Amino acid sequence: MPPLAQALLDAPAVATATPSFDEVYQAHARFVWRTLRTFGVAEVQLEDALQDVFVVVHRRLAEFAGRSRVETWLFAIARRVASQYRRASGRAERRQGTEDTAALAAADDTFAALSRAQAAAAVAAILDRMDEDKRVVFALVELEQLAVPEVARLLGLNLNTAYSRLRLARRAFEAAVAQRPEEP
Amino acid sequence: MTDDLSPRARALLDAARDGLGPDDAVLARVRDRVIAGGAAGAAGAAAASASTGGGIAGKLAIVGIVAAIGGGVWLGLGLGRAGEPAPAASAPELAAPVETSTTSRFEAAAPTAPPPSASPLPSAPAVARRAVPVTAPSLADEVAVVDTAMAALRAGDLQAALAATDRHSATFGERGQLAEEAAALRVEALCRLGDDRADAGWDAFLVRWPTSAQQPRIAAACKEPRR
Chain A
1 MPPLAQALLD APAVATATPS FDEVYQAHAR FVWRTLRTFG VAEVQLEDAL
51 QDVFVVVHRR LAEFAGRSRV ETWLFAIARR VASQYRRASG RAERRQGTED
101 TAALAAADDT FAALSRAQAA AAVAAILDRM DEDKRVVFAL VELEQLAVPE
151 VARLLGLNLN TAYSRLRLAR RAFEAAVAQR PEEP
Chain B
1 MTDDLSPRAR ALLDAARDGL GPDDAVLARV RDRVIAGGAA GAAGAAAASA
51 STGGGIAGKL AIVGIVAAIG GGVWLGLGLG RAGEPAPAAS APELAAPVET
101 STTSRFEAAA PTAPPPSASP LPSAPAVARR AVPVTAPSLA DEVAVVDTAM
151 AALRAGDLQA ALAATDRHSA TFGERGQLAE EAAALRVEAL CRLGDDRADA
201 GWDAFLVRWP TSAQQPRIAA ACKEPRR
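From first to last, the protein sequence lines stand for chains A and B.
For the first sequence, the residue numbers in this note's numbering are 1 to 184.
For the second sequence, the residue numbers in this note's numbering are 1 to 227.
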């Protein structure tokens, strides 16, 4: 289980001490990056968006002072920053209603000789074509390996709604993968 | 309850997980930029403080004295929400020094935007939050103000909603029992207006109420510009 998921499951509700900036950055920068991506920040803007998130963290960490788990806070900041980027770029509308499993499968290279980068590109292409509501739940559960109740809490969803979105997202993802050539 | 993924789909996800993150060089670059910005800001603040014989530090000391004097009154009100730690020295108005030259790209690209305020109610005068009325308004009064803001939002009268949240801030401050709701309504109104203060207000809200159930509502309101 990834460190983030383990931390969310194991950590007490209120952190006992505020970690340093570097501790937060080292432990969670990759999670923030993926969260930004999940919320629709364009690939070319991810580095800037990551910087924006951690500028906020750098400014506010002492003030934050363990009011909640750091992961929860980072997730919320990342969502806020992603929203800002999306408003600026107008990408959100283009993402809506474009889910098409056939197109999803056709968008990517073959499954053969799959490198990590290729796998990432393939998954990214599939996720990009999902509706955001489903994409976010799917990514948090399947990529970040958070428990569904935790995801529901982070997103402010009814638990059944979270499960429903996950189920639909899994079906879409599965359909896209099934239409890809079999890997050798 | 949910259809599980096939081994093949799961293998693809497992292979992709690391690749979806940034590489080490990008992480190091971003980290260095953030730290460098913060250091420059801190140095600038220190220089300003030295050159003005106190500057922000002096203001902080004054605020600290005021807070200490007012502490008994604040504690007497005891209006903190269950489960929320009482703000200590991190009260938003004490966070001004964090406004350094460390800027996000969006902030740098928006020169007309005021500096992000640490307050969840960024346009409210800081003094108002420290001024505790001798006779505390009732909860019913507070509910009425928040109801007014909500009704205005529903009606699309965003300026009226902002005015109501300003009244809440001036009257009840952050110790109000509905401060969280009022702050959320304010950020929502600012976002729907496309106001430059929205992002700073949202940041401050996240710091003050990081686990708030209001966050999805704010996120939805701020997803797209309305005006």
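We treat Cβ as the ideally placed atom computed from N, Cα and C, and that holds for glycine.
For clarity, every value in this text was computed on a predicted model and none was experimentally measured.
Could you pull out every residue in the same chain whose Cβ sits closer than 7 angstroms to the Cβ of residue i, ignoring the five residues on either side in sequence?
i	result
residue 141 (chain A)	148, 151, 166
residue 139 (chain B)	177
residue 136 (chain A)	38, 39, 155
residue 21 (chain A)	57, 58, 61
residue 153 (chain B)	161, 185, 188, 189
Taking only the alpha-carbon atoms, compute the straight-line gap between residue i and residue j and give it to the nearest angstrom.
i	j	result
residue 61 (chain A)	residue 88 (chain A)	26 angstroms
residue 29 (chain B)	residue 48 (chain A)	11 angstroms
residue 22 (chain B)	residue 78 (chain A)	15 angstroms
residue 241 (chain B)	residue 168 (chain B)	In the structure as shown, chain B starts at 1 and stops at 227, and residue 241 (chain B) therefore has no counterpart that could be examined.
residue 71 (chain A)	residue 212 (chain B)	14 angstroms
residue 221 (chain B)	residue 175 (chain A)	32 angstroms
residue 25 (chain A)	residue 33 (chain B)	13 angstroms
residue 163 (chain A)	residue 170 (chain B)	42 angstroms
residue 155 (chain B)	residue 193 (chain B)	14 angstroms
residue 12 (chain B)	residue 141 (chain B)	57 angstroms
residue 160 (chain A)	residue 37 (chain B)	44 angstroms
residue 203 (chain B)	residue 219 (chain B)	12 angstroms
residue 214 (chain B)	residue 181 (chain A)	44 angstroms
residue 6 (chain B)	residue 14 (chain B)	12 angstroms
residue 83 (chain B)	residue 33 (chain A)	Note that residue 83 (chain B) has pLDDT 36, beneath the 50 cutoff, so the model's placement of it is unreliable and no number is given.
residue 157 (chain A)	residue 75 (chain A)	15 angstroms
residue 68 (chain A)	residue 27 (chain A)	16 angstroms
residue 8 (chain B)	residue 143 (chain B)	54 angstroms
residue 24 (chain B)	residue 31 (chain B)	10 angstroms
residue 26 (chain B)	residue 29 (chain A)	10 angstroms
residue 223 (chain B)	residue 122 (chain A)	27 angstroms
residue 81 (chain A)	residue 73 (chain A)	12 angstroms
residue 19 (chain B)	residue 173 (chain B)	46 angstroms
residue 35 (chain A)	residue 208 (chain B)	22 angstroms
residue 17 (chain B)	residue 125 (chain A)	13 angstroms
residue 4 (chain B)	residue 153 (chain A)	21 angstroms
Kindly indicate the opening and closing residues of the alpha helix (DSSP H) around residue i.
i	result
residue 150 (chain B)	139–155
residue 174 (chain B)	That residue, residue 174 (chain B), is in no alpha helix (DSSP H); it is neither H nor E in DSSP.
residue 125 (chain A)	116–128
residue 19 (chain B)	7–19
residue 134 (chain A)	132–138
residue 217 (chain B)	215–221
residue 161 (chain A)	159–178
residue 79 (chain A)	70–89
residue 201 (chain B)	197–208
residue 54 (chain A)	46–64
residue 23 (chain A)	21–38
residue 41 (chain A)	From DSSP, residue 41 (chain A) is part of no alpha helix (DSSP H); its letter is neither H nor E.
residue 154 (chain A)	148–155
Excluding the 5 residues flanking residue i on each side, which residues of the same chain have their C-beta closer than 6 angstroms to its C-beta?
i	result
residue 190 (chain B)	197, 198, 201
residue 182 (chain B)	146, 165, 168
residue 51 (chain A)	none
residue 85 (chain A)	41, 45, 49
residue 149 (chain B)	161, 164, 165, 185
residue 116 (chain A)	none
Spatial neighbours of residue i within its chain, please: C-beta separation below 8 angstroms, excluding the five flanking residues on both sides.
i	result
residue 138 (chain A)	127, 130, 165, 166, 169, 170, 173
residue 249 (chain A)	Since the first residue shown for chain A is 1 and the last is 184, residue 249 (chain A) is missing from the structure and cannot be characterised.
residue 157 (chain B)	none
residue 65 (chain A)	18
residue 217 (chain B)	184, 188
Which term fits residue i, buried or exposed, when burial requires 16 or more other beta carbons within 10 angstroms of its beta carbon?
i	result
residue 195 (chain B)	buried
residue 206 (chain B)	buried
residue 121 (chain B)	Because the pLDDT of residue 121 (chain B) is 41, which lies under 50, any placement of that residue in the model is unreliable, and the question is left without a value.
residue 23 (chain A)	exposed
residue 151 (chain B)	exposed
residue 210 (chain B)	buried
residue 178 (chain A)	exposed
residue 83 (chain A)	buried
residue 188 (chain B)	buried
residue 144 (chain A)	buried
residue 63 (chain A)	buried
Does the beta carbon of residue i fall short of 6 angstroms from some heavy atom of the ligand HEM?
i	result
residue 151 (chain A)	The ligand HEM is absent from the structure shown, which contains no ligands of any kind.
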